[in-house]
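The sequence shown begins at 269 in the working numbering and counts up one residue at a time. Before any comments, here is the structure.
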Amino acid sequence: MLSLLDMLNHYLGYFNMNVKLKNRVYTLIGVAGVLYLGYLAIYFLRAGAWTRGLLFLLVFVILVYFTVLNVIYYFTTKTAKFDISPKIEKLLGGRAASAADDPMIGGKHAAHTTTVIPAAGLFHEQSLLPAKLTVDATQQANLEQLADSLVANGYLQLNYANRSDEQIYEQAQKTGQPVYALGDLVQLPFYELRQQGDHYLVYAGRNAIDSLPVGEVTEVGLMPTKEAAARYQIVLASAQLTGGPYKIAGRSGAVSGSEPFKLVIQAAYKDPTAAPASVVNAEQMAANKLSTPTPSAEPTRMSRRNR
Numbered sequence: 269m270l271s272l273l274d275m276l277n278h279y280l281g282y283f284n285m286n287v288k289l290k291n292r293v294y295t296l297i298g299v300a301g302v303l304y305l306g307y308l309a310i311y312f313l314r315a316g317a318w319t320r321g322l323l324f325l326l327v328f329v330i331l332v333y334f335t336v337l338n339v340i341y342y343f344t345t346k347t348a349k350f351d352i353s354p355k356i357e358k359l360l361g362g363r364a365a366s367a368a369d370d371p372m373i374g375g376k377h378a379a380h381t382t383t384v385i386p387a388a389g390l391f392h393e394q395s396l397l398p399a400k401l402t403v404d405a406t407q408q409a410n411l412e413q414l415a416d417s418l419v420a421n422g423y424l425q426l427n428y429a430n431r432s433d434e435q436i437y438e439q440a441q442k443t444g445q446p447v448y449a450l451g452d453l454v455q456l457p458f459y460e461l462r463q464q465g466d467h468y469l470v471y472a473g474r475n476a477i478d479s480l481p482v483g484e485v486t487e488v489g490l491m492p493t494k495e496a497a498a499r500y501q502i503v504l505a506s507a508q509l510t511g512g513p514y515k516i517a518g519r520s521g522a523v524s525g526s527e528p529f530k531l532v533i534q535a536a537y538k539d540p541t542a543a544p545a546s547v548v549n550a551e552q553m554a555a556n557k558l559s560t561p562t563p564s565a566e567p568t569r570m571s572r573r574n575r
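In structure tokens:
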């Protein structure tokens with residue numbers, strides 16, 4: 269039975285599920301294991317193996333307690349009053365998570381007023397394509413440096429949209445997803461696509477002067493970037509920042525964590541061989557004029573002479 273549970277736990281890792289759903293499945297698997305342990309305890313007690321039976325029974329009672337806590341936590345929105353997890357955390361030297369646990373927050377940076385001008389302009393939705401971005405270690409360091417700079421200048425607010433830990437905990441419990449201090453995707457103040465040999469690099473910064481490479485665009489839509497650039501005019505339409513400090517729902521409250529910042533980008537394209545709409549309309553109008561007969565008085569005069 270235990271081997272079967274271990275196998276299920278192993279293969280469950282192949283599925284892409286959010287944290288809360290995965291923990292629900294683990295809890296159900298754990299319930300099956302606890303029930304099997306209870307069966308073994310009763311079996312040994314009936315067989316007269318009192319020492320082994322009582323030992324199994326003690327472990328069974330302890331696991332039932334923690335299983336009930338998991339069921340309450342992962343399948344309901346309530347908290348258990350008899351949860352000893354906070355006491356164990358305090359005994360081990362831990363403390364409740366707070367805003368001070370988040371990196372880059374808590375009076376470390378002063379806010380300043382900034383003026384933001386859209387970096388790439390406006391595009392029709394039909395001309396936008398997703399783009400694949402690869403980031404090496406140096407480019408990731410540049411992106412982290414840019415995020416620090418934007419926080420210091422007040423462009424980024426890593427304050428969880430001024431929500432309390434209780435509100436963050438409630439949202440994380442409902443969605444099973446991390447709640448980022450950054451909030452939703454945030455557009456960078458400056459970004460552009462630059463070609464360097466066969467590479468197409470994304471440069472980003474507070475402005476064009478201090479921009480640094482933060483990634484390489486390897487695909488636009490379903491085409492390699494080099495092939496797409498040979499056929500179309502490609503520009504970077506948007507570059508949005510995500511990731512960074514976050515909080516997830518712990519057993520007794522919001523727990524802080526952090527991950528590297530990431531970019532979500534979109535490219536815009538234009539076919540350089542396509543004629544502008546105004547030119548096409550003018551050509552069509554000219555063709556219509558040539559194909560439409562124009563009334564004239566000359567045929568009338570000719571017919572009078574013939575008479």
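Positions of the beta carbon are idealized from the N, C-alpha and C atoms, including for glycine. Note that the structure is predicted; figures quoted are calculated from it, not measured.
Buried or exposed (CB count within 10 angstroms, at least 16 for buried), residue i
i	result
T493	buried
G316	exposed
A496	buried
F343	exposed
S432	exposed
N430	exposed
N475	exposed
Y333	exposed
Y578	Any answer about residue 578 is impossible in this case: the structure gives the chain only from 269 up to 575.
G483	buried
L322	exposed
F350	exposed
S546	Low local confidence applies: a pLDDT of 39 at S546 is under 50, so the model's placement there is unreliable, and no value is given.
Q464	exposed
Q407	buried
Local conformation of residue i per DSSP, three classes
i	result
I340	helix
V302	helix
Q439	helix
G321	helix
V503	strand
V403	coil
Q425	coil
A449	coil
A535	strand
Chain-order list of residues whose beta-carbon lies under 8 Å from that of residue i (same chain, five-residue window excluded)
i	result
P540	Y500 and Q501
L397	V488, G489, Q534, A535, A536 and Y537
L453	Q508, L509, T510 and V532
T335	T295, G298, V299 and V302
E412	P528 and F529
L305	F324, V327, F328 and L331
Contacts around residue i, its chain only, beta-carbon distance under 6 Å, and the 5 residues preceding and following it disregarded
i	result
A415	F529
A517	Y437, A440 and Q441
R462	L469 and Y471
K515	I436, V447, A522 and S524
Own chain, CB closer than 7 Å to residue i, minus 5 neighbours either side, in chain order
i	result
R292	Y342 and F343
S417	R474
D249	Residue numbering for the chain in the displayed model covers 269 to 575; residue 249 lies beyond these limits and cannot be assessed.
Rounded distance between the beta-carbons of residue j and residue i, thought under 8 Å
i	j	result
N410	L480	4 Å
V485	A399	5 Å
L504	E460	6 Å
task = For the stretch 444-463 and the stretch 505-522, state whether three or more C-beta atom pairs, one from each stretch, are separated by less than 8 Å.
result = By the Cβ rule, the stretch 444-463 counts as touching the stretch 505-522, because three or more pairs are nearer than 8 Å.
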